[in-house]
Each structure stands twice: as C-alpha cells, then as structure tokens.
Amino acid sequence: MVELSSNLLFAAFFLYLAATICFSVSVTGRKWRDKQGEVTGNRLGTVGYAAAWIGFVLQAGYFFTRWIAAGHVPVSNMFEYTTFLGMALTIAFLILYGIYRTAVLGMFTMPIVMLIIAFASVFPTEVEPLIPALQSNWLKIHVTTTALGQGLLSIGFAAGLIYLIRTLDFTKRGKKVFWLETIMYSLLSLVSFILVRYIFRLFDYEAVFTYVNENGEQAEMVYYLPALVGPNEASLQTQGALEPILTMPAWIRSDDANTVIWSLAAGLVLYILLRLILRKPLGAVLQPLLKNINPDTVDEVSYRAIAIGFPVFTLGGLIFAMIWAQIAWTRFWGWDPKEVWALITFLFYAAYLHLRLSRGWHGEPSAWLCVIGFVIIMFNLVFVNLVIAGLHSYA
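Per our numbering, the sequence shown starts with residue 195, numbered consecutively.
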C-alpha cells in the first residue's frame, strides 16, 4: 500500500508537469486557426486544466492510500504535511481557475506545486506511528484546515507575482526591481535546496556529531550535507567528514540551519549564472510572456484567494490550534515559535484585507503584500519548522 501511495504521488507530479507545459504554451504560443483560417484561440489551457484535475485525483489517491497504510491522517511529519500543502494549493487553483479561466495562473501555480512536492521528497518518507502528542482527532482537524488555508493564501502569491512581473518597469534599476529579483532568487534557492540534497544523497554523504541539546543532554545528530555550521558543543564522530566552521546555540537545529545555508549559497550561484547567461533581470525575461494578461484580473484573483483563505487559515491555524493546545498542554497559548508565526501570519493577512478597503491599496501595493505574505508562510514552513527548536519540532 505504501508503494502504491508513492507511485500515485510520482504520477501526480508528472501530470502537474504536463499541466505546466500546456498552460505555458497556452499563454505564450500562437493562436490556432480553423479550416477557414480564422483565429479561434488555442485550447491548451483546457487541456492543462484537465491534466491538473487528473494529477489532483492521483495525489488524493496517494493521500488516502497512505492514510490506510499508516492508520492515521498523513500530515504528521514534514514529508506528509508538505505534500498535503501541495494538494491544498492544487485544490485552490482548480477552484479559482474554474471561475476565472486564466491560463497564466496555472503557468505559475503548477510549478510551485511541483516545487513543494519535490521539497517534500527530500525528507524521510517512511510511514511511522504517531507519537503520543499527535494521537488526537484534532490532528486531522487542525493541520488539514491550516494547510487548506495556506494553499488558498499561496494562490494570492502566484497572482501577485504575475501582477508585478507584468507591470514593473525593468529598464529602471530601482528598489522594486531589486526586491522582485530577491523573490526570484528565493525561489531558485528552493530549487537549489532540492538539487543539493539529491546530489549529496547520490554520494551517500553522512557525518555524525555528538552534541549537547536544548535540554542540556548529550545527543547525536546526523548531517547529510558537509557541515558549514555544527551543533552546540559538537564532536565529529565520522572520519574524513568536514569539520564545521561555526557552532550553533542549542535552541537552533543546526543540521537544518546548515541545509538552509547550503541552499542560499547554491541559489545565489544559480541566480548569478542565469543573470550572466540572460543578461537581464529574471522578471524582465518573463515579462514579454505576460503582455496579453489583464493586470486587473490577476489583482482580483489574488484578493479573492486571500479573502477565502484567510478565514480558513484562522480556523485551522489559530482557533483549532488553541483548542488542541488546551487539550494537549493545558493552555491555549504558550508563545512557542510556531504559535507566534501563526499569529504573525494572521495579523498580516488581516491587515491586508483591511488595507484593500482603502484607496490606493489595489493593484501594485496589494501585489507586494501578497508576495510578502507568502514569504511569511514559507519562513514558517522552512525556518520555524526546521531550524528553531520548540514544541512543534516533531513536525
């Protein structure tokens, strides 16, 4: 059953790739002509939508077969949660594309879904029993609702990014271009994270350290990338492995911090190479592909996605989370890093919806807020989940 589940996810990934290709050709390709030579418009957007639906059905098959194999809802570790987040993003896309029929949204959303699935695949994929803290019906209620909310909010990011690439003047080297290129670099760093992990996995790289953890106890930590930074009071146990340049304090998960540093460095190299080859900002390369896109439409899509996703995230990420925290830890709130960033996410999107009612906060300012909101979500997913030790570290 586990093997079937993995195969279904693998097949879904390639269906999303096919959808990406169809949406991209639909946006950038020439129009079709009928037998009389009349322009009819190409239908590859519809084909891409169908491929995305089939991919979603296959990914849902992965989700339920893994649920049967594990005996619990598969959202209890980074691999399971991140793949479910990709599925939630796909659900949000399928709904909004059905309303707006905007192929460019698929051209940007489907690659993000693929990146999320690829990101998930670098984590351990074994089915494991739930630890006592997670043995509750609130697991499926809290985590799945949170992921669905984040999926809808992420659609706002995709639409906001489209708006900025479509409307910014890349001939001027100002702050706006700089920050948009920073976002492009961040996406490349995510790609680099996946590439770096797989490259060192091919060479079976492993380095074992003994260290003192946040509880002051001796523990062991395994690195799968050469150690640029090491754990607190570390002692390298593997012969021939790289000694760390720096050591991290006990409250930081140093192996994951090391991976983040590798990813940022590799992403910078990849970004510089692309800039040298293309000789222009990455946004400027994409801009001609979006010349026929109506900015007002994607602005509306981003607003609708966030207006729907915000209450869903609020239910899952705050209300249901506090109820479960009271049951599990006998308190509603404890200022755990994960709780703090869920609150920051809530306050940010609440401010976004408030500002949308004000004059001057439509269009470009709104698009920037959508992008910043996604950065907050990804910081929570990657940095807070992996690097900072806390009550949610088991995730």
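Ideal Cβ positions, reconstructed from N, Cα and C, are used throughout, including at glycine. Predicted model only: the values in this text are computed from it and were never measured.
Met-272 and Leu-575 have their alpha carbons spaced roughly 9 Å apart. In chain order, Val-371, Lys-474, Pro-475, Gly-477, Ala-478 and Gln-481 place their CB closer than 8 Å to the CB of Phe-364, counting only its own chain and leaving out the 5 sequence neighbours on each side.
Taking the Cα positions, Glu-197 is about 14 Å away from Ala-206.
By the neighbour-count definition (other C-beta atoms within 10 Å, threshold 16), Thr-339 is a buried residue.
Membership of Val-241 in any beta strand (DSSP E) is not indicated; the residue belongs instead to the alpha helix (DSSP H) covering 238–264. Rounded to whole angstroms, the gap between the alpha carbons of Ser-429 and Ala-515 is 38 Å. In the three-state DSSP reduction, Gly-567 falls in the helix class (H, G or I). One thing to note: Phe-217 has its Cβ within 9 Å of the Cβ of Ala-297.
Going by DSSP, Met-195 is part of no alpha helix (DSSP H) at all; its letter is neither H nor E.
DSSP, reduced to helix, strand and coil, places Ala-460 within a helical segment of the structure shown. Looking from the CA of Phe-387, the closest CA among Ile-455, Val-423, Asn-426 and Glu-411 belongs to Ile-455. For Gln-412, the secondary structure class from DSSP, reduced to helix, strand or coil, is strand. For Phe-364, the three-state secondary structure derived from DSSP is coil.
Nearest neighbour of Tyr-357 by Cα position, chosen from Glu-533, Lys-485 and Gln-520, turns out to be Lys-485. With respect to the C-alpha of Asn-201, the residue from Phe-257, Ala-244 and Ile-393 having the closest C-alpha is Phe-257. Between Gly-242 and Ala-286, the C-beta gap is not smaller than 9 Å, which leaves the two residues out of contact. Under the three-state reduction of DSSP output, Ala-401 falls in the strand class. Within the DSSP secondary-structure output, Ser-348 pairs in no beta bridge.
Selection Pro-305, Gly-345, Leu-333 and Gly-528 evaluated against Ile-289 yields Gly-345 as nearest (Cα-Cα). It is roughly 31 Å from the alpha-carbon of Ser-383 to the alpha-carbon of Arg-550.
Beta-bridge annotation (DSSP): Ser-448 is not paired with any residue.
For Val-307, the three-state secondary structure derived from DSSP is helix. Three or more beta-carbon pairs separated by less than 8 Å link the segment 554–571 to the segment 496–508, which places the two stretches in contact. When only Cα atoms are considered, His-266 and Ser-552 end up about 45 Å apart.
For Arg-391, the enclosing alpha helix (DSSP H) has its first and last residue at 369–396.
With a contact defined as Cβ atoms closer than 8 Å, Val-390 and Val-402 miss out at about 20 Å.
Under the three-state reduction of DSSP, Thr-277 is assigned to helix. For Phe-507, the closest alpha carbon among the candidates Thr-491, Leu-458 and Ile-538 is that of Ile-538. Assigned with DSSP and collapsed to three states, Ser-429 falls in strand.
Assigned with DSSP and collapsed to three states, Tyr-357 falls in helix. If the five residues before and after Glu-375 are omitted, its C-beta is found closer than 6 Å to the C-beta atoms of Pro-475, all from its own chain and listed in chain order.
Taken through DSSP and simplified to helix, strand or coil, Thr-296 comes out as coil. Nearest Cα to Gly-434 within the set Met-442, Pro-420, Gly-528 and Leu-440: Pro-420. About 3 Å separates the Cβ atoms of Pro-438 and Gly-424, confirming a contact at the 8 Å cut-off. A straight line joining the alpha-carbon of Val-221 with that of Ile-487 spans about 9 Å. For Ile-466, the number of other beta carbons within 10 angstroms of its own is below 16, and it is reported as exposed.
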